[in-house]
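Q: Residue 137 in UniProt numbering is what sits at position 137 of the sequence shown, and the numbering runs on without skipping anything.
Just so it is clear, CB atoms sit at the ideal spot from N, CA and C, and this is done for glycine as well.
Here you go, one structure.
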Amino acid sequence: MKGLPIGELKIGDKASFEKVVSEDDVYSFAEITGDFNPLHVDKKKYKDTFKKRVAHGALIEGYLSACIGMYLPGPGTIYLSQNSRFNLPVYFEDIIKVEVEVLEIYKDENIVKLKTTCTNCRGYKVLSGEAFVMPPLK
Numbered sequence: 001m002k003g004l005p006i007g008e009l010k011i012g013d014k015a016s017f018e019k020v021v022s023e024d025d026v027y028s029f030a031e032i033t034g035d036f037n038p039l040h041v042d043k044k045k046y047k048d049t050f051k052k053r054v055a056h057g058a059l060i061e062g063y064l065s066a067c068i069g070m071y072l073p074g075p076g077t078i079y080l081s082q083n084s085r086f087n088l089p090v091y092f093e094d095i096i097k098v099e100v101e102v103l104e105i106y107k108d109e110n111i112v113k114l115k116t117t118c119t120n121c122r123g124y125k126v127l128s129g130e131a132f133v134m135p136p137l138k
């Protein structure tokens, strides 16, 4: 399985998938990273800020990595950078639509600029940003 090389990409190309943010995912992410912030894992302390526990922002960014690495440009893509704005909290059991869209193509450098967006099941953008990636070579 191989992703699309730069010559097969065009401005406006999009890919997306949906993911349910499960409690298991949040706890696994906490175990892997060591981020046990009570906002994510403490069933009592979260009430002061968001009324419910929230997922790690970096976990949601990880979904972008999956979309880029598996769908567009796809396998073999090298993730160079990501800037993200966390617009709203993501709660456990939210269904998140993850989407990437080709904004610019730099053929000589083999670099693509992507618009990155995550939207919750209520239709609100929870994350917006841009990524730079290197698609796989031919």
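(1) Relative to the C-alpha of V112, which candidate in I11, M1 and K2 has its C-alpha closest?
(2) Spatial neighbours of A131 within its chain, please: C-beta separation below 6 Å, excluding the five flanking residues on both sides.
(3) Which two residues bound the contiguous beta strand (DSSP E) that contains F17?
(4) Counting C-beta neighbours from all protein chains within 10 Å, is the total for A55 16 or more, i.e. buried, or is it exposed?
(5) To the nearest angstrom, how far is it from the Cα of L127 to the Cα of N87?
(6) Whose C-beta lies closer than 7 Å to the C-beta of K19 among residues of the same chain, with five residues either side of it excluded?
(7) Quick check on this structure: which residue in K2, G7, M1 and G3 has the alpha carbon closest to the alpha carbon of D108?
(8) Following the continuous beta strand (DSSP E) through I78, name the residue where it begins and the one where it ends.
(9) Exposed or buried, what is I60 when buried is set at 16 or more other beta-carbons lying within 10 Å of its beta-carbon?
(10) Measure how close the beta-carbons of E101 and D13 come, nearest whole angstrom, since I'm counting them as under 8 Å.
(11) What separation, rounded to the nearest whole angstrom, lies between the Cα atoms of K44 and G34?
(12) If you draw a straight line from the C-alpha of E31 to the C-alpha of V41, how long is it?
A: The short version:
(1) Residue mapping note: residue 112 aligns to position 112 of the sequence shown, counting from 1. The candidate whose alpha carbon is nearest that of V112 is I11.
(2) Here residue 131 refers to the residue found at position 131 of the sequence shown. Excluding positions up to five away in sequence, the list reads Q82, L114 and T116.
(3) Taking the first residue of the sequence shown as 1, we reach residue 17 at position 17. Unbroken beta strand (DSSP E) run through F17: K14 to V20.
(4) On the sequence shown, residue 55 is found 55 positions in, with the first residue counted as 1. Buried, by the Cβ-count rule.
(5) Looking up residue 127 in the sequence shown gives position 127. Looking up residue 87 in the sequence shown gives position 87. Going from the Cα of L127 to the Cα of N87 covers about 5 Å.
(6) In the sequence shown, residue 19 corresponds to position 19, counting from 1. If we look at K19 and ignore the five residues flanking it on each side, its Cβ neighbours are Y63, I96 and V98.
(7) Against the sequence shown, residue 108 aligns to sequence position 108. Closest by alpha carbon: G7.
(8) Residue mapping note: residue 78 aligns to position 78 of the sequence shown, counting from 1. Start and end: I78 to F86.
(9) Translated into the one-based positions of the sequence shown, residue 60 becomes position 60. So I60 counts as buried.
(10) Taking the sequence shown and counting its residues from 1, one reaches residue 101 at position 101. Taking the sequence shown and counting its residues from 1, one reaches residue 13 at position 13. Between D13 and E101 the Cβ distance is about 7 Å, and since that is below 8 Å, they are a contact.
(11) Sequence index remark: in the sequence shown, residue 44 carries index 44 (1-based). Sequence index remark: in the sequence shown, residue 34 carries index 34 (1-based). Taking the straight line from one Cα to the other gives about 20 Å.
(12) As a position in the sequence shown, residue 31 is number 31, starting the count at 1. As a position in the sequence shown, residue 41 is number 41, starting the count at 1. Near 11 Å, if we compare the C-alpha coordinates of V41 and E31.
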